[in-house]
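Numbering (my numbering), first residue to last: 1317 to 1534.
We put the beta carbon where it would ideally sit given N, CA and C, even for glycine.
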Amino acid sequence: MDLLESVRQRRSVRSFDGRPIEKSTLEKILKDAANAPSAINMQPWEIHLLSNDERERLSRKLLKSFKERQITCGPGATGKIPELFIDRARIAAEGMTPLVEETGVDFKTFVNTGSLKFYGAPAVMLVFIDKSFPSERMTDIGIFLGYFVLIAHAYGIGTCPVGLVTSYEDEIKDALNIPESKKLVISVAMGYADPNSPINRFKSERAGLNESVRWIGF
Ligand SMILES: Cc1cc2nc3c(=O)[nH]c(=O)nc-3n(C[C@H](O)[C@H](O)[C@H](O)COP(=O)(O)O)c2cc1C
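Okay, here's the thing in structure tokens:
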């Protein structure tokens, strides 16, 4: 698939058709995604891949913690986020809500418990980084994630990055026996998109360049 086609078509997939992903397909995607650039080629991403059964086992633990701790999807802000950005999140949520409601579930439940169930994906990737790296190395993980979701799309695999799980990092490390010296950065739910699910019809909008780009000297 053409790169630009993949870039323009990709969207987060939040409902899967139940077909498993072959390990060999995951290997191909990971090998291609590892072509992502990283500072002095350190490739700081550390990846754990969970099969459907392991994903279910982990999700059960996460949902139990969710009942106790009630940490939900949100921007995780340390200060007041400018309205411009809040508006973009609101527009996305408003666009998704009617599609979610077609399935008889309310939006918050869909996004929060859905995220912790990785939307029932047949495979899940958890990406860690060694805590010795400075916060700037998150850029490398972000680039890797960008490559990964586009390459997966090119292989016919739908993805949804799931950041909510980072609030449940301790539970995940405990369940998967991952050392304290590693930091969970992001997870990705992946599988074959269910073509009949209303939520997979959702395509989020993007702000115009005038909102995010300042041209200097052009
Ligand atoms: C770092 C990151 C964390 C995200 N966390 C979640 C999440 O916890 N749950 C979820 O449903 N989607 C999550 N998403 C998906 C975003 O909501 C989605 O990328 C955004 O709305 C744009 O839509 P698109 O991916 O369809 O273009 C996350 C995306 C990123 C990049």
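Endpoints, the alpha helix (DSSP H) within which residue i is located
i, result
"Ser1431", "1423-1432"
"Asp1348", "1339-1349"
"Met1412", "1399-1417"
"Ile1473", "Premise fails: Ile1473 is in no alpha helix (DSSP H) and is neither H nor E."
"Phe1382", "1368-1385"
"Ala1393", "Unbroken run through Ala1393: none, as it is neither H nor E."
"Lys1489", "1485-1492"
"Glu1452", "It is not in any alpha helix (DSSP H) - Glu1452 carries neither H nor E in the DSSP assignment."
"Glu1294", "With the chain covering only 1317 through 1534, there is no way to say anything about residue 1294."
Neighbourhood of residue i by C-beta, 8 Å cutoff - its chain only, sequence neighbours within 5 removed
i, result
"Ile1397", "Pro1391"
"Thr1419", "Phe1426, Ser1513, Pro1514, Ile1515"
"Gly1462", "Ala1352"
"Asp1333", "Gly1507, Tyr1508, Ala1509, Asp1510, Pro1511"
"Ala1405", "Pro1391"
Simplified DSSP assignment, three categories, for residue i
i, result
"Gly1462", "helix"
"Met1358", "coil"
"Val1440", "strand"
"Phe1534", "coil"
"Ser1503", "strand"
"Met1317", "coil"
"Val1529", "coil"
"Ala1468", "helix"
"Thr1482", "helix"
"Pro1353", "coil"
Residue i Cβ short of 8 Å to ligand 1 heavy atom set
i, result
"Tyr1435", "yes"
"Pro1511", "no"
"Arg1326", "yes"
"Gly1507", "no"
"Phe1534", "no"
"Lys1499", "no"
"Lys1519", "yes"
"Leu1480", "yes"
"Ala1468", "no"
"Ala1408", "yes"
"Pro1477", "yes"
Cβ shell of residue i (< 7 Å), same chain only, five flanking positions each side left out
i, result
"Lys1344", "Tyr1471"
"Arg1326", "Val1465, Leu1466, His1469"
Beta bridge counterpart(s) of residue i as assigned by DSSP
i, result
"Ala1509", "Phe1332"
"Asp1284", "Any property of residue 1284 remains undetermined from this structure, which presents the chain solely from 1317 to 1534."
"Leu1365", "Met1441"
Residue i at chain B interface by Cβ criterion, 9 Å
i, result
"Ser1375", "Although the question refers to chain B, the structure presented lacks it and comprises just one protein chain."
Neighbourhood of residue i by C-beta, 6 Å cutoff - its chain only, sequence neighbours within 5 removed
i, result
"Thr1482", "Leu1500"
"Thr1388", "Asn1428"
"Glu1487", "Lys1377, Ser1381"
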